[in-house]
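Asker: Protein chains in written order, with the numbering used here: chain A, 1 to 365; chain B, 1001 to 1365.
Number of protein chains: 2
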Amino acid sequence: MSGRGRVPSGQPTIADVARHAGVAVSTVSYVLSGKRAISELTRNRVLASVRLLGYHPNAGARALASRRANVIALVLPLRSGIQVPVVMQFATAVVTSARRHDHDVLLLTSDEGPQGLHRIAAGALVDGVLVMDVELRDVRVPLLRTLGRPSVLIGLPADTDGLTCVDLDFHRAGQVCVEHLAGLGHRRVALLGAPAAVYERGTGFAHRTRAGVVEAAARHGVEAITLPCEENAAQVHARVVELFARQPELSALVVQNEAAVGPVQAALAALGRRVPDDVSVVAVCPDQFAEHASPRLTSVPVPAEEIGRQAVSLLMRKLRGEPTPPVTLLEPRLTVRDSTAAATGTPATYDPGRPAGAGRPAAGR
Amino acid sequence: MSGRGRVPSGQPTIADVARHAGVAVSTVSYVLSGKRAISELTRNRVLASVRLLGYHPNAGARALASRRANVIALVLPLRSGIQVPVVMQFATAVVTSARRHDHDVLLLTSDEGPQGLHRIAAGALVDGVLVMDVELRDVRVPLLRTLGRPSVLIGLPADTDGLTCVDLDFHRAGQVCVEHLAGLGHRRVALLGAPAAVYERGTGFAHRTRAGVVEAAARHGVEAITLPCEENAAQVHARVVELFARQPELSALVVQNEAAVGPVQAALAALGRRVPDDVSVVAVCPDQFAEHASPRLTSVPVPAEEIGRQAVSLLMRKLRGEPTPPVTLLEPRLTVRDSTAAATGTPATYDPGRPAGAGRPAAGR
DNA sequence: GGACGCTGGTGAAGCGCTTCGACGAACCGT
DNA sequence: ACGGTTCGTCGAAGCGCTTCACCAGCGTCC
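#1: Anything in chain A within Cβ reach of R1099(B), meaning under 7 Å, just list it in chain order.
#2: Taking the alpha carbon of S1294(B) as the point to measure from, which residue in Q1265(B), P1286(B), V1236(B) has its own alpha carbon closest?
#3: Taking Cβ-Cβ distances below 8 Å as the criterion, which residues of the region 51-68 of chain A are in contact with chain B?
#4: Within the same chain, show all residues whose beta-carbon is closer than 8 Å to that of S1313(B), passing over the 5 residues directly before and after it, in chain order.
#5: Considering only residues of the region 1244-1293 of chain B, which uninterrupted alpha helix (DSSP H) runs meet the minimum length of 4 residues and lie entirely inside it, listed in chain order?
#6: In the DSSP output, what is C165(A) paired with across the bridge?
#7: For the ligand FMN, I want to know if E1242(B) counts as a neighbour, meaning its beta carbon is within less than 7 Å of at least one of the ligand's heavy atoms.
#8: Return the first residue and the last residue of the beta strand (DSSP E) that I1072(B) is part of.
#9: Pick helix, strand or coil for E1306(B), following the three-state DSSP scheme.
#10: How do the region 1044-1053 of chain B and the region 1019-1032 of chain B stand: do at least 3 beta-carbon pairs fall below 8 Å, yes or no?
#11: What is the DSSP secondary structure of V1198(B), counted as helix, strand or coil?
#12: Name the DSSP beta bridge partners of V1050(B), please?
#13: Please report how far the alpha carbon of D1338(B) lies from the alpha carbon of C1285(B), in whole angstroms.
#14: What did DSSP end up calling R188(A) once you bin it into helix, strand or coil?
#15: With a threshold of 16 other CB atoms inside 10 Å of the CB of M1001(B), please say whether the residue is buried or exposed.
#16: Could you check whether I38(A) and D127(A) sit closer than 8 Å to each other, using their CB atoms as the reference points?
#17: Looking only at its chain, what residues have a beta carbon closer than 6 Å to the beta carbon of A196(A), apart from the 5 residues adjacent to it on each side?
#18: With a CB to CB cut of under 6 Å and the five nearest residues on each side skipped, what residues in its chain are close to K1318(B)?
#19: At what residue ranges does the region 1018-1050 of chain B contain a whole run of the beta strand (DSSP E), taking only runs of 3 or more?
#20: Starting from the C-beta of S1066(B), find all residues in its chain whose C-beta is less than 6 Å away, skip the five residues before and the five after it, and write them out in chain order.
#21: Let's test the definition: count the other Cβ atoms within 10 Å of the Cβ of G1010(B) and tell me whether it reaches 16, buried, or not, exposed.
#22: Suppose the cutoff is 7 Å on Cβ atoms and the five residues either side in sequence are ignored; what does the same chain contact list for G243(A) look like?
#23: Under 8 Å between the Cβ atoms of A124(A) and N1070(B)?
#24: Less than 8 Å between the beta carbons of L334(A) and A1061(B), yes or no?
#25: The alpha helix (DSSP H) with G1204(B) in it runs from where to where?
#26: Going by C-alpha distance, which of A1252(B), V1261(B), R1036(B) is nearest N1232(B)?
#27: Would V84(A) count as contacting chain B if we go by Cβ distances under 8 Å?
#28: According to DSSP, simplified to helix, strand and coil, what is L1227(B)?
#29: I'd like to know if E1231(B) contacts chain A, where contact means its C-beta is closer than 8 Å to some C-beta of that chain.
#30: What does the alpha-carbon distance come out to for the pair P1114(B) and V255(A)?
#31: What in chain A is Cβ-close to Q1011(B), meaning under 9 Å?
#32: Beta carbon of P1332(B), beta carbon of V1300(B): below 8 Å?
#33: Determine, using beta carbons only, whether L191(A) comes closer than 8 Å to chain B.
#34: Please state whether DSSP places E1242(B) in a helix, a strand or coil.
#35: Under 9 Å, CB to CB, which of the residues in the region 149-173 of chain A have a partner in chain B?
#36: By DSSP's criteria, S1339(B) is part of a beta bridge. Which residues make up the other side?
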């Protein structure tokens, strides 16, 4: 009598595989993990049994014994003013990359708060953590330092000490937009940015883009106005009107708010300003939005997929105990489409990234 | 000598708690799970030790011993033509609800294919599965039936036998839109639907909405044109032009494509048709979009949060072995805003859901 | 030719938890 | 006073896997 009689789970276990293949349990384990040399012959016998029985290792048992869950956590924001499609692209890129490294992804939202992170890390549910939508002075950052698990941030906090961060170089993105416009001869540009709440929260990308715009404008002798911008069509309209009231000579717009690009175009149309004949528009938004607009928008996309991939691969490196660079900034890439043209009366040759009119060359890269 | 000397993990274990509280390991377990009566005194001692030591149960060990991972899988699509913000709302609602039931959420994308589902279920990484964006004849459905784990679908496949599904009643949503417009005296309406690819894929919600529109139109003596619609501004424009070419007397539009609502309004403006004076517009889209448009759109929102909550709670019921209804359809709710008005020359009293002009009353609900 | 190092394989000790059965103590009714 | 309950607690047996330590066989090198 075998005593206790719990019901067996139904799924074959490693012991079943071992029995079927006529080898020891440990041998099966080594075949599957590749951590020890196993003869061709044995390996094939084992693999055949695995396939035949439809064996899948039990995740809990594996995690318990190996002290690795092969799961990473992805902490997403669910706040307002968030660039939803971009977040989604990140998420799918992260899942796909993680799978390539034989890891799964546990989804966390920030609303459980920092203790959610703690719970998951302390309980060994995950091996490492990916945090999105990082604010300049993020409350989660100190927690990450004491978490005892590797983490990678998508975004840039004010103090990156001891962290690993990946992001688009938004500062550079702001510069690139202005340089493109300056190269086309525009002398008065405006940045329509993220909603005011995003700036107030101290979200890095908004501030950095604005700084890049302002800096490049100064360097190229371009006058720049910057305004936050809500996602509401009526308010966008009001902002655009406000811009032209403050600077009637405005000939170019940088829009960093994907939800606003449509309304901005509508507002310009309503004001009788044609794109790109009267006003040039550069957007910082996913390519999809830029392509679907009419006219198609010159844009700097956020390479969500690339960032997601990089973040995962950095995290994997940390899980293996390898050193990682503290900050990885991806170079922005401006795609010229149909919404930018030479400023009226200033037939400039197009040369992206290089200032045309105002003499002083861009700082070396 | 204690022999093997693996490094201890650093995290306190249940044994540490038991020792600290002066009780047996099993007692700690029972305090934490509540599966056995424990005296007030002992419970408090144990809980104090738990807090003091910062104990968090090891997820792997727990899963192994209890045969429950306390994790559910969420399978998201990453296809084109997908309503990104809605998906995102689902996801966050699912995570939040799952946490309320003491479960975490593992994120899966469909691109790993059905075997991804199988791997995760067979490996006992998750206890149950939530599948989004179900197609009418979805390849994953047969798999779900043989998965050996409870699952809930968000969306409706053609054959719901043996499944548990939740969704908005899109058929009814289509009806509600038409009924609202018919009640305002509109006699010629059009549905601008999802992209053609979505219909071709056999995605349930698109077909069901269209059927609801057509059916209600017939019932109320309203002429209805239905067209798929891409998300590209230029193509939206073309579609709108096409609609008015086919039916110059068109006085109302139902738009079921959140990415198209902006462009539709722009196109109408460009054609010199005012909303709602010349054309009424009803959208099936998140409230956020409807609110941000100008004029604010009368709309039927997809109650993503509610659906997510329901889906989780149904899944939890299945995990407990309780029976669940095979199909749960949520009643759509139309919010009247500023984009719909009485048809010109037909001053009808507004009465949502009840046909005004054409006599025959709506079928009883 | 014996010490040595490989290679390929085994056995068993946990990993940290849940849960079953047992058991003393207190409490009942008779 | 004595069986029968109930209550609160304990001990120990796993859950299914990884990994350490060991071993048998075999070629190798002084």
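Note that beta-carbon positions come from the ideal geometry of N, C-alpha and C, so glycine has one too. These numbers were taken from a predicted model, which means no experiment stands behind them.
Answerer: With the given structure in hand:
#1: Along the second sequence, one-based indexing puts residue 1099(B) at 99. In chain order, E112 make up the part of chain A whose C-beta sits under 7 Å from the C-beta of R1099(B).
#2: Taking the second sequence and counting its residues from 1, one reaches residue 1294(B) at position 294. Each of Q1265(B), P1286(B), V1236(B) was checked against the Cα of S1294(B), and the nearest Cα belongs to Q1265(B).
#3: Cβ contacts with chain B: G54, H56, P57, N58, A59, G60, A61, R62, A63, L64, R67.
#4: Stepping through the second sequence from its first residue, residue 1313(B) is reached at position 313. The residues are S1097, H1101.
#5: The qualifying runs are 1258-1270, 1287-1292.
#6: The residue labelled residue 165(A) in the question sits at position 165 within the first sequence. DSSP, once it has assigned bridges, lists L153(A), V327(A) as partnering C165(A).
#7: The ligand FMN is absent from the structure shown, which contains no ligand whatsoever.
#8: As a working mapping, residue 1072(B) is identified with position 72 in the second sequence. Segment 1071-1076, the beta strand (DSSP E) holding I1072(B).
#9: The residue given as residue 1306(B) occupies position 306 in the second sequence. Helix, per DSSP.
#10: The region 1044-1053 of chain B makes contact with the region 1019-1032 of chain B; the number of CB pairs closer than 8 Å reaches 3 or more.
#11: Position 198 of the second sequence, counted from the start, is the residue given in the question as residue 1198(B). Here V1198(B) sits in helix by DSSP.
#12: As a working note, residue 1050(B) is residue 50 in the second sequence. Residue pairing by DSSP places V1050(B) in no beta bridge whatsoever.
#13: Within the second sequence, residue 1338(B) is the residue found at index 338, counting from 1. Within the second sequence, residue 1285(B) is the residue found at index 285, counting from 1. Rounded to the nearest whole angstrom, the CA to CA distance from D1338(B) to C1285(B) is 15 Å.
#14: Here residue 188(A) corresponds to residue number 188 of the first sequence, with the count starting at 1. It is a strand residue.
#15: Translated into positions along the second sequence, residue 1001(B) becomes position 1. Low local confidence applies: a pLDDT of 37 at M1001(B) is under 50, so the model's placement there is unreliable, and no value is given.
#16: The residue you call residue 127(A) lines up with position 127 of the first sequence. The residue you call residue 38(A) lines up with position 38 of the first sequence. With respect to I38(A), D127(A) sits apart: the two C-beta atoms are not nearer than 8 Å.
#17: Within the first sequence, residue 196(A) is the residue found at index 196, counting from 1. For A196(A), where only same-chain residues beyond five positions count, the Cβ hits under 6 Å are P228.
#18: Looking up residue 1318(B) in the second sequence gives position 318. Within the same chain, K1318(B) has close Cβ partners P1150, T1324.
#19: Counting only runs of 3 or more, we get nothing.
#20: The residue you call residue 1066(B) lines up with position 66 of the second sequence. Hits under 6 Å: none found.
#21: In the second sequence, the residue the question calls residue 1010(B) occupies position 10. Exposed is the call here.
#22: The residue given as residue 243(A) occupies position 243 in the first sequence. The question names Gly, yet the displayed sequence has Leu at residue 243(A). For L243(A), same chain residues with a beta-carbon under 7 Å away, outside a window of 5 residues either side, are A190, I225, L227, L250 in chain order.
#23: Taking the first sequence and counting its residues from 1, one reaches residue 124(A) at position 124. Taking the second sequence and counting its residues from 1, one reaches residue 1070(B) at position 70. One thing to note: A124(A) has its Cβ no nearer than 8 Å to the Cβ of N1070(B).
#24: Here residue 334(A) corresponds to residue number 334 of the first sequence, with the count starting at 1. Here residue 1061(B) corresponds to residue number 61 of the second sequence, with the count starting at 1. The beta carbons of L334(A) and A1061(B) sit no closer together than 8 Å.
#25: Mapped onto the second sequence, residue 1204(B) falls at position 204. Bounds of the alpha helix (DSSP H) holding G1204(B) are 1204-1219.
#26: Taking the second sequence and counting its residues from 1, the one referred to as residue 1232(B) is at position 232. Looking only at A1252(B), V1261(B), R1036(B), the smallest Cα-Cα distance to N1232(B) is reached by V1261(B).
#27: Here residue 84(A) refers to the residue found at position 84 of the first sequence. Yes, V84(A) counts as interfacial toward chain B.
#28: Taking the second sequence and counting its residues from 1, the one referred to as residue 1227(B) is at position 227. The three-state secondary structure of L1227(B), taken from DSSP, is strand.
#29: Indexing the second sequence from 1 puts residue 1231(B) at position 231. It does: the Cβ of E1231(B) has a partner Cβ on chain A nearer than 8 Å.
#30: Locating residue 1114(B) in the second sequence gives position 114, where the first residue counts as 1. Locating residue 255(A) in the first sequence gives position 255, where the first residue counts as 1. Straight-line measurement puts the Cα of V255(A) at about 41 Å from the Cα of P1114(B).
#31: Locating residue 1011(B) in the second sequence gives position 11, where the first residue counts as 1. The contacting residues are A122, G123, A124, G148.
#32: As a position in the second sequence, residue 1332(B) is number 332, starting the count at 1. As a position in the second sequence, residue 1300(B) is number 300, starting the count at 1. For P1332(B) and V1300(B), yes; Cβs fall inside 8 Å.
#33: For this step, residue 191(A) is matched to residue 191 along the first sequence. By this cut-off, L191(A) is not an interface position.
#34: Here the question's residue 1242(B) lines up with position 242 in the second sequence. Correct three-state label for E1242(B): helix.
#35: Cβ proximity to chain B below 9 Å picks out nothing from the region 149-173 of chain A.
#36: The sequence position of residue 1339(B) within the second sequence is 339, counting from 1. DSSP output for S1339(B) lists no bridge partner at all.
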